Amino acid sequence: MLEWSKIYLMSGNSSQNILNKELEMTAKLFGKIMSERKIIDGVVTDIGLKCIVEGLKREGKMFLFAITALEECKNSIEHENGLKNILKCQQLKEKKPDLYEHMCKRYYQLHSPQDHQNIAKTEVQQPKAAHTPNISRPDPGMKRENIPSVTTPDQRPPEGGLNQNIARLKKPIPQNPLSNTPTHPGKYFTPDQNSIPGWPPQQQQPMGAGRVLYPPNTAPQNNSARPNIPDNFSLGPAADTSNNKRTLNKVSKEFIPKTQQVQGYLEKDEMKLPTEFQEDLNTILNMTGTDQIYHKAIELEKKIKEEYIENMAHHIVVKRVIDADEKRIEFYSNFFNAMKRKSIVNSLINECIQAILTIITTEFARSSHRNEMGSTVSTPIKNVSYFLGYLTIFHNRPLLTNELDLKQLLLESYEKK
Amino acid sequence: MVSAVIVVSKILRCGEYSRVFNPYNPWMQGLYSILIEYQKFHLTNRFEPDKIISNEIQLVLKNMRMNENQLRESTLFRDYDNKNQMNNELKHLQMKIARKPLIILPDVVEEISIQPEISKIEVIFNNLSIIIGKTSYSKCF
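Chains as they are written, first to last, in the numbering used here: chain A, -8 to 408; chain B, 19 to 159.
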């Protein structure tokens, strides 16, 4: 945009004092962008302010461009050195006194809030020095009339003069950490150290963007927005390291030894199913043909009461699925998916997960079932996981992570191997 | 680890002909990538790789309709080994394991059964004494 404005400025078609529409529009746009801090920040604002200051020092189109841009962003400039450099421009004071006064007020409001009130008091006593800002000493070549006044010790007012304001400037300005801090002055607005006696104050650190000044011993150690997560995860209560004692994991209060765990799981509520229902279930599940699956499933579903569902699921997984073939497992999954009641399939899934976890804990996977011929047929964990896969993924049903997170299972087994 | 890999591979193999959970499903691809990582970086580098796990993973990858090169390897196990805190998935899983573990194994330190070894030694001593006795007996005669 600056290049575009330069092209317009270099073209001398129009008169010097009248700004073209396009250039005016670009100047307004430039000022608006400067005023919106969300769009640009940091060094870019420095460059923009430098452009405005240079324009104010010159004459013609550049001056008009700078003034139109400054009018747009006059309420948003918080840059201390930038404001100082703007106030140094004599052309602004002569040609646009209203804007100059506004910038003076802005400077005092931001960087010395009490200065403006003090100036108002001194305005009555010293009307000539009313609007002179408390800024740097001018260059020797400049005229005396336009120099911003700096009061000498003799001219110091009895109470609350400008020199006291300078002394107040020496104190570090309290910064609100949450507020948008002014940007780094950069190379364009380096403070002239000889301009004001005692300036800059001892605190010579640049007012960088995002740099927050904290009192000693109160600065936060971590500036990241992420929550402070400890390095070591709390992996439950630490186990007893004494080698001579048998210790149980405190997480599992009702822990049962491995062998009892499996036996207890296999014998759980086996006898609660009524014998008639159990016989019907066995006869239907023993059928080999796949043509009548749908009819048989509906026939069995009518006989299943809600009380039986859990025990039936346990019976099917433990008695049927563990010793079955892959084809038979597929048949079972198709059979139970043909049923309309979802609770049956859900209880079967839960039972499968429970079976898998108990078998994993007992390290039952390695022990393979051998038939009478002596060849390895399948392991129970393979069959149960096949059944779980057929019940869920094969029939486009998700395996919820609340029930069984496979990634967690892999990592946990890798961790506890 | 063997049982976990078997469970995952068997479940994944059921999704070969599924409409939703086919190998192009991102959830499935995440699990495939973990298996590929385990095969590449943990089984191949071992002196004696576990044949059961390697066979299972190979079966899964063979039946997959995609090439292995199309899948991106995960860094779950490597990050776990290197204790990399930047992996958010690993963090999440570790938190989950800490809060709600799937495998609750007792921290039982198996007592060394000293008695059978002593009995073996006793048997050896007895045999030796018998042999010595026989020899001495034979020498006597």
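Think of the CB as a built atom: it goes at the ideal place given N, C-alpha and C, for glycine as much as any other residue. These figures come from a predicted structure and were not determined experimentally.
In the pairwise beta carbon analysis, the stretch 21 to 30 of chain B is classified as touching the stretch 370 to 377 of chain A: at least three pairs are separated by under 8 Å. Interface residue (Cβ-Cβ distance to chain A less than 8 Å): Lys28 (chain B) is classified as such. Contact note: Ser36 (chain B) reaches chain A through Ile384, Phe385, His386 and Asn387, using a C-beta cutoff of 9 Å and chain order. Secondary structure note for Gly280 (chain A): it is in no alpha helix (DSSP H), with a DSSP letter that is neither H nor E.
Across the structure, Val78 (chain B) and Leu30 (chain B) are spaced so that their CA atoms are roughly 7 Å apart. Excluding residues up to 5 positions away in sequence, Ala304 and Glu394 lie with their Cβ nearer than 8 Å to the Cβ of Asn341 (chain A) in the same chain. One Cα belongs to Leu40 (chain A), the other to Gly73 (chain A), and the distance between them is close to 7 Å.
Between the stretch 89 to 104 of chain B and the stretch 43 to 62 of chain B, the count of Cβ pairs shorter than 8 Å is three or higher; the stretches touch. When Cβ-Cβ separations below 8 Å define contact, Ile122 (chain B) makes contact with chain A. A straight line joining the alpha-carbon of Tyr299 (chain A) with that of Leu264 (chain A) spans about 7 Å. Spanning the alpha carbons of Ile320 (chain A) and Ile284 (chain A) requires a straight line of approximately 14 Å. Interface annotation, Met19 (chain B): in contact with chain A, CB-CB separation under 8 Å. With a 10 Å radius around the Cβ and a threshold of 16 neighbouring Cβ atoms, Ala315 (chain A) comes out buried. In chain order, Ser324 place their CB closer than 7 Å to the CB of Phe385 (chain A), counting only its own chain and leaving out the 5 sequence neighbours on each side.
Secondary structure within the stretch 23 to 64 of chain A: the alpha helix (DSSP H) runs of 4 or more consecutive residues, fully enclosed, are 34 to 48 and 52 to 63 (chain order). Contact note: Leu89 (chain B) does not reach chain A at a C-beta cutoff of 9 Å; the least C-beta distance is about 15 Å.
Glu50 (chain A) places its beta carbon 8 Å or farther from that of Lys19 (chain A). Following the DSSP letters along the chain, one finds Ala22 (chain B) inside the alpha helix (DSSP H) bounded by residues Val20 to Arg31.
Within the same chain, and ignoring the five residues on either side of His93 (chain A) in sequence, the residues whose Cβ sits closer than 7 Å to its Cβ are Lys65. In the DSSP annotation of this structure, the continuous segment of the alpha helix (DSSP H) that includes Glu85 (chain A) starts and ends at Gln81 to Lys86. Ser376 (chain A) carries a helical assignment under DSSP once its states are collapsed to helix, strand and coil.
Sequence-ordered contacts of the stretch 88 to 107 of chain B with chain A read Leu94, Phe95, Tyr98, Gln103 and Glu107 [C-beta pairs closer than 8 Å]. Boundaries of the alpha helix (DSSP H) around Val336 (chain A): Lys333 to Thr352. Counting C-beta pairs closer than 8 Å gives fewer than three between the stretch 67 to 74 of chain B and the stretch 103 to 120 of chain B, which falls short of the contact rule. In this structure, the beta-carbon distance from Leu390 (chain A) to Leu111 (chain B) does not fall below 8 Å.
At least one CB atom of chain B sits nearer than 8 Å to the CB of Asp396 (chain A).
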